[in-house]
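Using our numbering, the letters of the sequence shown correspond one by one to residues 71 to 533. Right, one structure below, let's go through it.
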Amino acid sequence: MIPAMLTRRSQTLIACLLALASLQAQVPAQTPPMGWNSYNCFGSAVHEDEVRANAGYMARNLREAGWQYIVVDFLWAYDNPPGSLIGNPFQKRLADGSYIPWLAMDAWGRLLPHVNKFPSAFGGKGFGPLAAYVHGLGLKFGIHVMRGIPRQAVWARTPVLGTSGITADRIADTNSTCPWMNHMYGLNMRAPGAQEYLNSLLDLYASWGVDFIKVDDIARPYSAAEIEGYRQAITHCGRPIVLSLSPGETPLAQAPHVAQFANMWRMADDFWDSWKEMLKMFDYAKRWEGIGGPGHWPDCDMIQIGKISKRGPVGPERYSRLTDDELTTHMTFWCIYRSPLMLGGNLPDNRERELALFSNPEVLAVDQEGSSPRQLYKDPGAMVWVSKAPDGALYVALFNIGDSTHEVAIDLKAIGFRGTVAIRDLWKRADLGTFRHRYAQRIPAHGAVLVKMAGKGSAARGG
């Protein structure tokens, strides 16, 4: 209640501020989302006990550092028959037009978690029990979905919830298909009933307690009408749900549109654990420089650290092939760039090295609290990125992108400092002393240093 003793003008101002705070609370991803996704370690075949184990690990070890989302990826409605654990997750079409294996689906053409993978879904409960378990740990729950409507719903002519007599075959665009998975048709968003179908999906997800959806096969080629449809459905369901678009390369020309309608979107195709792909990611990020901000974030893809590919999808089961220095570069760049941070490895397999990379509060603050990241310079052997810290200092990331140890330097005056500059190493969590004019570090090949710089001068020039 606003105290009566305040002036009418003050009461109006406070009411406006309260309304703005309430509105912001309904817009998710005010900072880059931090969580875990099942795809990199389990492909299309994650099971409920594995999701629960990862959620438990996050709650015990990472929640206090800001990690919160647990996301079930890829084909949770599919039973993964023998021979499909690593690849070939496709249905076969029979002579009558029906499909095998039949996906778990309700009478309204909405996919459901398969009970062989998610036993708690038995009896039509969907992901409700699993989401409740995750929420009970103080975390948030998410799922992966494929763009469009199941082909088997089109074949069965399932009714569209919220319409009178409209069936799935009347809203599908059968010419719009995914090139690498044959379960879905796109939606004709001009057709009556198409938006109602998406509304029914998000109403179902909201009833389960879903906090995050990753929509696949939607950012390349860019499906603007369906992206708008998912955003409208999220608004309709009344639950704040993060909308993540996949895979990239999202067209840069669509930057204004994607920033308006999505909370995060992939800049590139799937990122895996190789230095060559890391170098490519630096280039993708430079193209999207200046686009990210509260509620809308360019996404460097999942973090390839820890035990990956336990059940596919790429290569044998392994710990990340990145070297220790490359692992530091991986986390440093994702944080200085303010990418969403989605862990891809199986968390219970983490060693001390992985836990240390994921739980450094000063490093994670760069991702969550920095602003206006930009590339200061890049040459064949070195790269420097900077962003603003909330207290007016600068976060500075120095990268050795060459193949041998050498010095990486920065001109302190060039980023706005005058006089002495206090520098703190964020990975070591140690003050390095004060510097004038220039700061330099000898960095191992493919390694990185992340520091915070504070001193007299105009830090605004760093962002």
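Beta carbons: idealized from backbone N, C-alpha and C, even for Gly. Quantities reported herein were computed from a predicted structural model and do not represent experimental measurements.
Reducing DSSP to helix, strand and coil, say where residue i ends up.
i: Pro-514; result: coil
i: Trp-178; result: coil
i: Thr-402; result: helix
i: Ile-378; result: strand
i: Glu-422; result: helix
i: Tyr-148; result: coil
i: Gly-486; result: coil
i: Asp-343; result: coil
i: Phe-161; result: Contrary to the premise, residue 161 reads as Gln rather than Phe in this sequence. DSSP places Gln-161 in coil when its eight states are reduced to three.
i: Val-99; result: Sequence check: residue 99 is Ala here, not Val. Three-state result, Ala-99: coil.
i: Trp-172; result: coil
i: Ala-500; result: strand
i: Gly-198; result: helix
i: Asp-394; result: helix
i: Lys-458; result: strand
i: Ser-234; result: coil
i: Val-328; result: helix
i: Arg-388; result: strand
i: Ser-441; result: strand
i: Met-251; result: coil
i: Ile-156; result: Low confidence applies to Ile-156: its pLDDT is 47, below 50, so where it sits in the model is not reliable enough to give any reading.
i: Gly-525; result: strand
i: Pro-229; result: strand
i: Val-491; result: strand
i: Val-116; result: coil
i: Val-185; result: coil
i: Leu-520; result: strand
i: Leu-132; result: coil
i: Asp-166; result: coil
i: Phe-192; result: coil
i: Arg-506; result: strand
i: Leu-93; result: Reliability of the predicted coordinates at Leu-93 is poor, the pLDDT of 42 falling under 50, and no value is obtained from them.
Can you list, in chain order, the residues of its chain with a C-beta nearer than 7 Å to that of residue i? Leave out the 5 residues immediately preceding and following it.
i: Gly-365; result: Val-97, Ala-99, Gln-100 and Asn-333
i: Gly-525; result: Phe-487, Gly-489, Thr-490, Val-491 and Ala-492
i: His-306; result: Asn-269 and Leu-272
i: Phe-192; result: Val-185
i: Val-384; result: Trp-342
i: Gln-94; result: The predicted position of Gln-94 is uncertain, since its pLDDT is 45 and thus under 50; no value can be drawn from it.
i: Val-121; result: Ser-108, Ile-140, Val-142 and Leu-200
i: Gly-419; result: The sequence given here places Asp at residue 419; Gly does not occur at that position. Within the same chain, Asp-419 has close Cβ partners Gly-376 and Lys-377.
i: Pro-460; result: Glu-439
With a CB to CB cut of under 6 Å and the five nearest residues on each side skipped, what residues in its chain are close to residue i?
i: Arg-381; result: Phe-112, Gly-113, Ala-115 and Leu-155
i: Gly-263; result: Val-230, Thr-233, Ile-236 and Ile-241
i: Met-372; result: Asn-107, Asn-110, Met-412 and Gly-414
i: Trp-265; result: Trp is not the amino acid found at residue 265; the sequence shown has Gln there. Here the set comprises Gly-299.
i: Arg-368; result: The displayed chain sequence assigns Pro, not Arg, to residue 368. Cβ within range, chain order: Met-337, Trp-358, Ile-361 and Gly-362.
i: Ala-124; result: According to the sequence displayed, residue 124 carries Asn and not Ala. These residues qualify, in order along the chain: Trp-106 and Leu-417.
i: Val-454; result: Leu-446, Tyr-447, Leu-468 and Ile-480
Based on the DSSP secondary-structure assignment, which residues constitute the bridge partners of residue i?
i: Tyr-139; result: Gly-105 and Lys-210
i: Ser-314; result: Lys-284 and Met-334
i: His-476; result: Ile-513
i: Met-216; result: Asp-286
i: Thr-244; result: Paired residues: none, contrary to the question.
i: Trp-367; result: Met-334
i: Ile-373; result: Leu-413
i: Asn-470; result: Ala-452
i: Asp-353; result: None, per the DSSP bridge assignment.
i: Leu-464; result: Lys-458 and Met-523
i: Asp-239; result: Its beta-bridge partners do not exist; DSSP assigns none.
i: Tyr-447; result: Val-454
Please work out which residues of its chain come closer than 8 Å, Cβ to Cβ, to residue i, disregarding the five sequence neighbours upstream and downstream, and give them in chain order.
i: Gly-196; result: Leu-182, Pro-183, Leu-274, Ser-277 and Trp-278
i: Glu-359; result: Pro-443, Arg-444 and Gln-445
i: Thr-228; result: Met-175, Ala-177, Trp-178, Gly-179, Thr-237 and Ala-238
i: Asp-481; result: His-507 and Arg-508
- prompt: How about the region 475-488 and the region 502-522: do they share at least three Cβ pairs that are nearer than 8 Å?
  reply: yes
- prompt: Is the region 317-324 close to the region 241-261, with three or more CB pairs under 8 Å?
  reply: no
- prompt: Okay, do the region 221-240 and the region 179-189 touch, 3+ Cβ pairs below 8 Å being the bar?
  reply: yes
task: May I ask you to verify whether the region 255-273 touches the region 298-315, counting CB pairs closer than 8 Å and requiring at least 3?
output: yes
message: In chain order, what are the residue ranges of uninterrupted alpha helix (DSSP H) at least 4 long that sit wholly in the region 254-291?
response: 264-278
- prompt: Should the region 132-139 be called in touch with the region 204-214, which here means at least 3 C-beta pairs below 8 Å?
  reply: yes
query: Counting pairs of beta carbons, one from the region 436-447 and one from the region 407-420, are three or more of them closer than 8 Å?
result: yes
message: Assess contact between the region 185-195 and the region 255-267, defined as three or more Cβ pairs (one per stretch) separated by less than 8 Å. Is contact present?
response: no
field: Sufficient close CB pairs (3 or more, under 8 Å) joining the region 386-402 to the region 365-376
entry: yes
query: With contact counted as at least three CB pairs below 8 Å, one residue from each stretch, are the region 445-457 and the region 425-434 in contact?
result: no
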